[in-house]
Amino acid sequence: MRLNQTYTPSNQLNNLLITLEANKKALSLFNLSDKLKFNLRRRSLLHSAVYSARIENNLLTPESFIASSKSIEKLEIQNILDTLNWLYSTDPTPTLETKLIKGIHARIMHNLHSEAGQFRSEQSAVFNSAGVAIYLAPPAEGVKPLISSWIKQIKESSYPIPIQIAISHYQFEKIHPFIDGNGRAGRLLTTLLLKQHGLDLYGISNLEKYIENHLDGYYDYLAEEKRDVTHFVEYFLTAICATQNEALDKLKSGDLEQVKLFPRHQEIVKVIRDHPYATFDFLHRRFFAIPTSTLHYDLQQLQKQKLVERVRATRGATYIANR
Numbered sequence: 000m001r002l003n004q005t006y007t008p009s010n011q012l013n014n015l016l017i018t019l020e021a022n023k024k025a026l027s028l029f030n031l032s033d034k035l036k037f038n039l040r041r042r043s044l045l046h047s048a049v050y051s052a053r054i055e056n057n058l059l060t061p062e063s064f065i066a067s068s069k070s071i072e073k074l075e076i077q078n079i080l081d082t083l084n085w086l087y088s089t090d091p092t093p094t095l096e097t098k099l100i101k102g103i104h105a106r107i108m109h110n111l112h113s114e115a116g117q118f119r120s121e122q123s124a125v126f127n128s129a130g131v132a133i134y135l136a137p138p139a140e141g142v143k144p145l146i147s148s149w150i151k152q153i154k155e156s157s158y159p160i161p162i163q164i165a166i167s168h169y170q171f172e173k174i175h176p177f178i179d180g181n182g183r184a185g186r187l188l189t190t191l192l193l194k195q196h197g198l199d200l201y202g203i204s205n206l207e208k209y210i211e212n213h214l215d216g217y218y219d220y221l222a223e224e225k226r227d228v229t230h231f232v233e234y235f236l237t238a239i240c241a242t243q244n245e246a247l248d249k250l251k252s253g254d255l256e257q258v259k260l261f262p263r264h265q266e267i268v269k270v271i272r273d274h275p276y277a278t279f280d281f282l283h284r285r286f287f288a289i290p291t292s293t294l295h296y297d298l299q300q301l302q303k304q305k306l307v308e309r310v311r312a313t314r315g316a317t318y319i320a321n322r
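Counting with numbering that gives the first Met the number 0, you get residues 0 to 322 for the letters of the sequence shown.
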């Protein structure tokens, strides 16, 4: 495999680059406190972890993850979330190097794979749903030199930074350095690169949800075997812009009360908002892993903050969210 991928400049790419730069400046105008950034990021990282796992057929949602008991699916998401939290709690941002790449993989595959944190030692391929190999990864002995060249290319590239990040994601997935977990590792490394260059908006936008909602395009463009990967670059920058715009729109709305809540409380409010006049029994079924007494306490706290209203005081009371 040769790391010689390129792109063709276009008006669309130029407009996307302008939007990304404008979004960075727009965020700075909000003058967010460190505490508010932390709370915004806490919710966003939860969603990033959930949707990164969902891209690879994990069926949990943010709500069911919080409510679920121990399972492989929950562990997959928890590992990603722990790694994201580690990434954002490390100052300065870790430097991209082979040791870091292996370390990230070790974290996300902890207790999930016996070769967590180790480059593959055997041939690997990508299979479709019918079990047919649609992509044959480079030989195992080529992984280490390819990763070294990949890191060097990222650091020395003269391409606009967002375009280089998009190309690097394409290349990483083609190198396929691990037996399992390449998608999760690749998306975390993309988060690292976006963070290094201030394109992550403090971690409050999550790229993974966009990809999960536009999964066909993601895999179709990754599957293209061309030196010119303009299609993938356009897709990837569109995804970054869309998620940034969504995050900025929420800030512009001024509705930041929920941001101050713990993730579990945020999800309870969301469920009640999506299901007006929800009964306690309904909520308990949605959050079955939360003890009854704890859920009662959560609802009382949300009522005190006037985010949730109890409609009837008698048995069979229902709850609505105050908008």
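Positions of the beta carbon are idealized from the N, C-alpha and C atoms, including for glycine.
Just so you know, these numbers come straight off a predicted model, no measurement behind them.
Where the alpha helix (DSSP H) containing residue i begins and where it ends
i	result
Ala246	229-252
Val310	Careful: Val310 lies outside any alpha helix (DSSP H) and carries neither H nor E.
Asp81	71-88
Ile267	262-273
Ala52	33-54
Glu62	61-66
Lys303	291-303
Phe281	279-285
Lys225	No alpha helix (DSSP H) holds Lys225; DSSP gives it neither H nor E.
Asn14	10-27
Residue i classed as buried or exposed, judged by whether at least 16 other C-beta atoms fall within 10 angstroms
i	result
Ala66	buried
Ile174	buried
Val310	exposed
Asn13	exposed
Gly182	buried
Leu214	exposed
Asn78	buried
Opening and closing residue of the beta strand (DSSP E) in which residue i lies
i	result
Ile319	317-320
Distance between residue j and residue i (C-alpha atoms, nearest Å)
i	j	result
Thr190	Ser147	19 Å
Ala288	Ser68	6 Å
Asn212	Glu96	31 Å
Asp33	Ala320	27 Å
Asp280	Ile107	35 Å
Leu11	Ala238	Inspection of the sequence shows that residue 11 is occupied by Gln rather than by Leu. So the two alpha carbons sit approximately 13 Å from each other.
Asn110	Arg42	25 Å
Pro93	Ala105	15 Å
Cys240	Leu15	7 Å
Residue i at chain B interface by Cβ criterion, 8 Å
i	result
Glu72	In the structure shown, chain B cannot be found, because there is only a single protein chain.
Segment contact flag, the segment 44-61 with the segment 205-219, C-beta cutoff 8 Å, min 3 pairs
With a cut-off of 8 Å, the segment 205-219 and the segment 44-61 count as touching, because enough Cβ pairs lie within range.
Every unbroken alpha helix (DSSP H) inside the segment 95-174 [4 residues or more]
Considered as a whole, the segment 95-174 harbours 97-107, 142-155, 160-174 as its complete alpha helix (DSSP H) runs of no fewer than 4 residues, in chain order.
Should the segment 13-25 be regarded as contacting the segment 187-201, the criterion being three or more beta carbon pairs within less than 8 Å?
By the Cβ rule, the segment 13-25 counts as touching the segment 187-201, because three or more pairs are nearer than 8 Å.
Taking only runs that begin and end inside the segment 171-211, name each unbroken alpha helix (DSSP H) of 4 or more residues, in chain order.
The DSSP assignment places 181-195 as complete runs of the alpha helix (DSSP H) inside the segment 171-211, in order along the chain (cut-off: 4 residues).
State whether the segment 62-81 contacts the segment 225-237, with contact taken as three or more CB pairs (one from each stretch) at a distance under 8 Å.
At 8 Å Cβ cutoff, the stretches do not touch.
Below 8 Å, can you find three or more Cβ-Cβ pairs linking the segment 157-175 to the segment 21-30?
With the cut-off at 8 Å, the segment 157-175 and the segment 21-30 do not touch.
Sufficient close CB pairs (3 or more, under 8 Å) joining the segment 100-117 to the segment 156-165
Because the criterion of three Cβ pairs below 8 Å is not met, the segment 100-117 and the segment 156-165 do not touch.
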